[in-house]
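Taken in order, the sequence shown gives residues 8 to 301; the numbers are from this note's numbering.
Below you'll find the structure, written out as structure tokens, and then a few comments.
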Amino acid sequence: MPTSVLNPYERLDGAWLRGSFHGHSAFASRCASVRLSSAVRRYRRLGAAFTAFTNHDVVTRLDRVRARNPGMVFLEGFEHSRGENLVFVGERVPPLHELPLHEAVTRADGLLTIVCHPRPRLGEEHWTAAMVRSLPRTPVGVEVYNGHYGVPRMRAKGCNPLYSDFWDELLTSGLKLWGFANDDSHDPADFGNAWNMVNAGEACAAEILRSARAGRFYGTTGLMPAELRGEGELISVGFDSPCRGRFVGPGGRVLASGTERSFRYRLGPETYARFEAEGADGRLFLQPVYRTGT
Numbered sequence: 008m009p010t011s012v013l014n015p016y017e018r019l020d021g022a023w024l025r026g027s028f029h030g031h032s033a034f035a036s037r038c039a040s041v042r043l044s045s046a047v048r049r050y051r052r053l054g055a056a057f058t059a060f061t062n063h064d065v066v067t068r069l070d071r072v073r074a075r076n077p078g079m080v081f082l083e084g085f086e087h088s089r090g091e092n093l094v095f096v097g098e099r100v101p102p103l104h105e106l107p108l109h110e111a112v113t114r115a116d117g118l119l120t121i122v123c124h125p126r127p128r129l130g131e132e133h134w135t136a137a138m139v140r141s142l143p144r145t146p147v148g149v150e151v152y153n154g155h156y157g158v159p160r161m162r163a164k165g166c167n168p169l170y171s172d173f174w175d176e177l178l179t180s181g182l183k184l185w186g187f188a189n190d191d192s193h194d195p196a197d198f199g200n201a202w203n204m205v206n207a208g209e210a211c212a213a214e215i216l217r218s219a220r221a222g223r224f225y226g227t228t229g230l231m232p233a234e235l236r237g238e239g240e241l242i243s244v245g246f247d248s249p250c251r252g253r254f255v256g257p258g259g260r261v262l263a264s265g266t267e268r269s270f271r272y273r274l275g276p277e278t279y280a281r282f283e284a285e286g287a288d289g290r291l292f293l294q295p296v297y298r299t300g301t
């Protein structure tokens, strides 16, 4: 069957904007200890261009915050948490949290829908691939890293912040989801532990969301590429200093790996290839290059 290639890093022509699509604030989320105004100040100090507040089962209205912080983009959303947790994010978000999860997903036109912390503890499956496939629409993405679960206090409780194996399980099954890294901010220690760099033509909600839906971003816990380029089946990425990197394909198989400053891979017969790396500054997760049927 004829195939084509989907490479989200082709013709990158926007600015790289930093932000998280999953976070909480005190009062609206009783599990959080940081007030909304304080959370905004923390994100501003980190240099975030945008952020989303996704409190549990409620849409936090942000008109006042937007008016007081015109240089930053604030996205509405919520974390549907009456069953399996799924984040809904948009410029304006209707009260879909009042609906059962499957109905909310059905009605989530134009919103980012992100499977969050699918395996929050080792050996615990909050989500399975079958559960994701059972949704009426495939979510836009899945958290590949959750900063809240990566802080020492949470790790000491047995929490697990890394979900790249689950991402590969979904991709191998034929689903196409982008990988997000969010700080899932609850407490002061969470801020800045993970974020996304979105390549957007303009620093506005519509462009940030459009680029995220198209996979024109990467997730990171601190490691940043100096160069990133996609062209057809080719993906190339460069760093200022050597790091451990690898290209991963179906079944989680390592297609190529090394400790280098630059990496290149051309998609072969495999259905997808994605790149991840780890260095002194943290981890990096690029989006997959897909081979798709036409």
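Ideal Cβ placement from N, Cα and C applies to all residues, glycine included.
Figure out for me which residue from ALA201, SER45, ARG25, PHE85 has the closest Cα to the Cα of ARG119. Before going on, a small fix: residue 119 reads as Leu here, not Arg. Per the Cα distances, PHE85.
Cut-off 6 Å between Cβ atoms - residues of its own chain near PHE254, not counting five sequence neighbours on either side: LEU262, ALA263, TYR272, ALA280, PHE282
DSSP state of TYR156 mapped onto helix, strand, coil: helix
Measure the C-alpha to C-alpha separation of GLY259 and TYR170 and round it to an integer number of angstroms. 12 Å
Could you round the C-beta distance between LEU230 and LEU291 to whole angstroms and report it? I think they count as a contact, below 8 Å. 4 Å
Taking only runs of the beta strand (DSSP E) that begin and end inside the segment 211–270, which ones reach a length of at least 3 residues, in chain order? 224–227, 234–238, 241–255
So what's PHE85 in DSSP terms, helix, strand or just coil? strand
Under the rule that 16 or more other beta-carbon atoms within 10 Å means buried, what is ALA306, buried or exposed? Look at the range of the chain in this structure, 8 to 301, and you will see that residue 306 is not part of it.
Please list, in chain order, all residues of the same chain as ARG3 whose beta carbon is under 6 Å from its beta carbon, the five residues on each side excluded. Residue 3 lies beyond the range of the chain shown here (8 to 301); nothing can be said about it.
GLU209 versus GLU176: straight-line alpha-carbon distance, rounded: Whole-angstrom Cα-Cα distance: 34 Å.
Could you compute how far the alpha carbon of HIS193 sits from the alpha carbon of ARG99? C-alpha of HIS193 to C-alpha of ARG99: approximately 22 Å in a straight line.
Rounded C-alpha distance that separates LEU108 from GLY90: 8 Å
Completely contained alpha helix (DSSP H) runs for the segment 42–119, where each covers 4 or more residues: The segment 42–119 contains these whole alpha helix (DSSP H) runs: 43–53, 70–75, 108–113.
Quick one: residues in its chain with C-beta nearer than 8 Å to the C-beta of PRO127, no 5 flanking neighbours on either side, listed in chain order? Only HIS133, ASN153, TYR156, CYS166, ASN167 meet the Cβ criterion.
For LEU93 and CYS123, believed in contact at Cβ under 8 Å, the rounded distance: 7 Å
Quick one: measure Cβ to Cβ for GLY97 and LEU216, integer angstroms, because I've assumed they're closer than 8 Å. 7 Å
Bridge-paired residues (DSSP) for GLU17: DSSP lists GLY237 as partners of GLU17.
If we ignore side chains and look at the alpha-carbon of each, how far apart do ARG75 and THR67 end up? 16 Å
Give the straight-line distance between the Cα atoms of THR228 and HIS29, rounded to the nearest whole angstrom. 14 Å
Whose C-alpha, out of GLU234, GLY275, PRO276, is nearest the C-alpha of LEU1? Examination of residue 1 is not possible in this model, given that the chain is present from 8 through 301 alone.
Extent of the continuous alpha helix (DSSP H) run through THR179: Secondary structure note for THR179: its alpha helix (DSSP H) is the uninterrupted segment 171–179.
Just curious, the beta strand (DSSP E) that ARG281 is in, first and last residue? 279–286
Would DSSP call ARG140 helix, strand or coil? helix
Just verifying my parser: in three-state terms, what is the DSSP assignment at ARG37? For ARG37, the three-state secondary structure derived from DSSP is coil.
Quick one: residues in its chain with C-beta nearer than 6 Å to the C-beta of SER243, no 5 flanking neighbours on either side, listed in chain order? ARG236, ARG271
How about PHE246 and VAL41: do their beta carbons lie closer than 9 Å? no
For GLY300, does the count of other Cβ atoms within 10 angstroms reach 16, so buried, or fall short, so exposed? exposed
Contact belief for GLU296 with ASN14 at Cβ below 8 Å, rounded distance in angstroms: Inspection of the sequence shows that residue 296 is occupied by Val rather than by Glu. Contact holds; Cβ gap of about 5 Å.
Looking only at DSSP bridge pairs, what is ARG298 linked to? VAL12
Let me make sure I understand the geometry here. Which of SER32, ASP172, GLY130, SER180 has the alpha-carbon closest to that of THR145? Checked all of SER32, ASP172, GLY130, SER180; the closest Cα to THR145 is SER180.
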